[in-house]
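Following: one structure in structure tokens, then a few remarks.
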Amino acid sequence: MARLPLAAHNGPSACALAVALVISLALFAAGLSAQTAKPTEYEVEAEYLSNFGRFVEWPATPAGESFHVCVLGQDPFGAMLDAALKGQSIGDAPMAAKRVATPEEAAGCRILFISASKSAQLQAILTALAPMNLLTVSDVSDFTKRGGMIQFLPEGDRVRFEINLSAAQKAGLTLSSELLRVATTVRREP
Amino acid sequence: MPGIRPYSIRQKLTWMNMLVSGAALLLACMALAGYELADFRQTLERRLSTQAQIVGTSSVTALLFNDPAAARNTLSALRAAPNVMSAAIYTAAGVVFAVYSRDGRGGGVPGQAVTPAGTEEHRFTSDQLILTRAIGFQGKNIGTVRIQSDLHEFNDRLLRYTGIVGMVLAASLLAAFLLSSVFQKATARPIMQLAETARVVSREKKYSVRAPVTGNADEIAVLITAFNEMLEQIQERDTALQAAHNELEASVERRTAQLEAVNRELESFTYSVAHDLRAPLRHIQGFAEALREDCANTLDPTALGYVSRVVDSTRRMDQLINDLLGLAQVGRQEMHFRPIELKNLVEDVAREVAEECPGRNIQWHIGELPVVDGDPGLIQLALYNLLSNAVKYTSPRDPAIIDVGTKRDDGERVIFVRDNGVGFNMKYAHKLFGVFERLHRREDFEGTGVGLATVQRIIHKHSGRIWAEAEIDRGATFLFTLEPRA
Amino acid sequence: MTGTARILLVEDDPQDVELTLRALRSENVRSPIEVVRDGEEALDYLFCRGLYAARSPDQPPTLVLVDLKLPKISGLQVIDAMKSNAAFKSIPVIVLSSSGEPRDIAESYRLGVNSYVQKPVDIMEFRKSIRALAQYWLEVNRSPFAQKPLKLQ
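Residue numbers (the numbering used here), protein chains in the order written: chain A, -5 to 184; chain B, 28 to 513; chain C, 126 to 278.
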């Protein structure tokens, strides 16, 4: 068992700890106040979005710029995404959420969540996004089959995901084996 | 030290050596083993910690992305560690996320995790090591990994160490014993030899032996040298003592010979003097008697009276000479010791004495008398003198009562002759046994004053003692012993 | 051999001689008594030599009274000389001595005396001894020399 994580970032301890604590408390309080304290599907997905970035090799972000996690189309997350990204950074770049309407606007994003509202234009969007080295994530069905990189697969209480490795490779992104491990399927079509 | 007493020095030395080396070795072994085991525990703990870290790190994505299967997969790799009994990953909420157990039963895994204080916590129970480590991601605790390990390696090691220590100890004790047996000889042998020498000296009183000297200069050698010097001194003293003793004995012999010679001379002188005195005495009496017979008619009563007194005096002188001769004889005669039936002898002498004075009423009470060792002739003479005295001094008594018996006085056997006669004044008792000493007037009682002196000489020749007790007019008792005071 | 008894007295002390003679006379012993004053004279008398050369040898004494303490030749020597001589061996010899020493007595008997009498100091005792002596040796005892016992006159 000698797989060392690729993204073993040491976050600023005090702040991170405080955040963790707050989140834990919130969840705990939520758990206390409500009978069912399960996070919603989109909460989890937002969490995942914030975490994916840690398991991908990114080219260095220029100084001063943020690490954008964008949403294309109708935003199902809302404040949840901002909450998930709050205080997080990848490298020195703080993570920030951004909503875009067109693929072109997603040029500065690192991770792009394609909403189901855009499922009809999926192929065109993907083609448009091809030259950008960003990670495409969606919950649209057959996303990975159609060239998307990560597809959310809600399963009951949990959210699983599929990975299209070759798509990611085409975009010049190297995905951590750790991430691959927890994916339900990893497609490696040439 | 109680219980050590009956052992010899050699055994003590050996025991001591073995004890010392055993104790030292045991301490060393225990210290070493203890350190080793403590170190090993740390090693175990570190290894488990490492395993926990690895598991934890590998479970990050599983936790983050809620993939228990992946976590289980990670945990199952712990099968390769034979000491891991079970392991579990808990979520940040403390809920079980994934479980692994070696025996497949999953027992002993608590449902709720105990969050470690700090990053990691470990606890040693009697047979387990439980390590809990927080799984961190981006500075947050996203879960806990808990691994339960058995301590069989530790126990194995402990057992093995014990075995080794035991064997080493046994082997070294054996070696200590063997070496000690060899080396204690060098130390103990001089002591044993010294002890043996001392024993020989004490038992056989031989002071000519010497303890063998060692070549060393240690305390034992000093002891041996001192001991030998002591023996030397004793021997010298012994020799000097012996020489002094011999000289003394020679001196005593010389003196005794001198005294004996003087005694002999004296006795011989006494004898010949007494003997030679008899002839003229005979003549005096003879011619006085002749005078009385032949010239009776020409002599007046006064003259005749004088003649009588002359005759009486010669008779008296004859008695004196006889007694003196008797006294001298006692000294000159060789003693022939043999057992004497005293009672028979006393009865014989009593009869003889009684025959010499017929008409006297004498009651003889002769008690049980022992058999004594002595010269019969001399004892008879002594008894004769004593009994005649008793008869003589009881002449005013009717009846005269004479007791002869024996009694025990202060452990000694004493023979006594008691009479109910006129007795004497104890004030003059010290004169009783002197030659020619008399305590009564001649008109009252005949006697030369030699009789008791003779008795005393006879008793002294038998190494006994003689003394008398009396009261005026109440009789006298003469007591004597016939053997030296024990 | 005549029938008369002849007594030889060997005694050196004149007082003793007189007292002995006195005693014998007082006991009515009338036999002739020859007195010699020392051992040499005694032997001269017996062997009829010296002073007594004129004596007839066939008249030996029938009884000899001898004192042990004598000058020149001692009484024991005289006894020895007599008892080792066949002619005089059978003559009764009586020792008359003031000594009562067992040694003297033993030696005398060893030499063959017939009797040993100690001269007591007490004259009456002496007289008694002489009487007994005379009675026995002169009356009771059968002499080898006399034909018949001689009555005391």
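Think of the CB as a built atom: it goes at the ideal place given N, C-alpha and C, for glycine as much as any other residue.
These figures come from a predicted structure and were not determined experimentally.
Query                                                                                                                                                                                             : Result
Hey, out of B:E63, B:H487, B:F92 and B:V172, whose CA is closest to B:V122's CA?                                                                                                                  : B:V172
Mind listing the chain A neighbours of B:T152? Cutoff is C-beta to C-beta under 9 Å, in chain order.                                                                                              : Going along chain A, no residue has its Cβ under 9 Å from B:T152, so there is no contact; the nearest lies around 26 Å.
Sort out for me which residues DSSP pairs B:S167 with in a bridge.                                                                                                                                : According to the sequence displayed, residue 167 of chain B carries Lys and not Ser. Paired residue(s): B:F164.
Just checking: is the beta-carbon of A:A100 within a distance shorter than 8 Å of some beta-carbon in chain B?                                                                                    : no
Where does B:D345 land, buried or exposed, given buried means 16+ other C-beta within 10 angstroms?                                                                                               : buried
Under a Cβ-count criterion, where at least 16 other Cβ atoms within 10 Å of its own Cβ denotes burial, should B:I251 be classed as buried or exposed?                                             : buried
What did DSSP end up calling B:A55 once you bin it into helix, strand or coil?                                                                                                                    : helix
Exposed or buried, what is B:V240 when buried is set at 16 or more other beta-carbons lying within 10 Å of its beta-carbon?                                                                       : exposed
Since I believe B:I218 is in contact with B:I36 (beta carbons under 8 Å), could you give me their beta-carbon distance rounded to a whole number of angstroms?                                    : 5 Å
Please report the distance separating the alpha-carbon of B:V373 from that of B:L479.                                                                                                             : 17 Å
Thinking just about the alpha-carbon of each residue, which of B:S335, B:M257, B:G131 and B:E292 is nearest to the one in B:T224?                                                                 : B:M257
Which class does C:R147 belong to by DSSP, given the choice of helix, strand or coil?                                                                                                             : helix
Measuring only between beta-carbons, confirm whether B:N93 sits less than 8 Å from chain A.                                                                                                       : yes
Assess contact between the region 287 to 298 of chain B and the region 358 to 372 of chain B, defined as three or more Cβ pairs (one per stretch) separated by less than 8 Å. Is contact present? : yes
Between C:I216 and chain B, is the shortest Cβ-Cβ distance under 8 Å, so that the two count as touching?                                                                                          : no
Could you give the DSSP three-state label for B:F92: helix, strand or coil?                                                                                                                       : coil
Start and end of the alpha helix (DSSP H) containing B:E383?                                                                                                                                      : L369 to E383
If we ignore side chains and look at the alpha-carbon of each, how far apart do B:R230 and B:P33 end up?                                                                                          : 21 Å
Taking beta-carbon pairs under 9 Å, can you tell me which members of the region 147 to 176 of chain C lie near chain B?                                                                           : R147, A148 and S151
Apart from the five residues just before and just after A:L169, which ones in its own chain have a Cβ nearer than 7 Å to its Cβ?                                                                  : F49, V50, I157, L159 and A162
Would you list the residues sitting across from C:V160 in a DSSP beta bridge?                                                                                                                     : C:L134
Under 8 Å, Cβ to Cβ, is there at least one residue of chain A near B:L46?                                                                                                                         : no
So, for B:R435: in the same chain, excluding its five sequence neighbours on each side, which residues have a beta-carbon less than 8 Å away from its beta-carbon?                                : V441
Rank B:F472, B:G502 and B:L413 by C-alpha distance to the C-alpha of B:M453 and give the top, closest one.                                                                                        : B:G502
How far does the alpha helix (DSSP H) with B:K488 in it reach, from first residue to last?                                                                                                        : G478 to K488
Output, in sequence order along the chain, the residues in the region 340 to 362 of chain B whose CB is closer than 7 Å to any CB in chain C.                                                     : T341, R342 and D345
For a test of the three-state rule: what should DSSP assign to C:L190, helix, strand or coil?                                                                                                     : strand
List the whole-angstrom C-beta distance separating B:Q155 from B:D130, where the pair is believed to meet the contact cut-off of C-beta under 8 Å.                                                : Not quite, the Cβ-Cβ distance comes to about 14 Å (not below 8 Å), so this is no contact.
If you drop the 5 nearest sequence neighbours on each side, which residues of the same chain put their C-beta closer than 8 Å to that of B:S335?                                                  : R319
Around the C-beta of A:F146, are 16 or more other C-beta atoms found within 10 angstroms, so that it is buried, or is it exposed?                                                                 : buried
With distances taken Cα to Cα, identify the nearest neighbour of B:N416 among B:V380, B:G401, B:L396 and B:H392.                                                                                  : B:V380
Evaluate the contact criterion for the region 146 to 157 of chain C versus the region 127 to 136 of chain C: three or more CB pairs, one atom per stretch, below 8 Å.                             : yes
Does A:Y42 come within less than 8 Å of chain B when only Cβ atoms are used?                                                                                                                      : yes
What's the gap between the Cα of A:T178 and the Cα of B:R184?                                                                                                                                     : 45 Å
Locate the beta strand (DSSP E) running through A:N158, then write down its first and last residues.                                                                                              : R152 to N158
Using DSSP bridges, identify the partner residues of A:L147.                                                                                                                                      : A:R154
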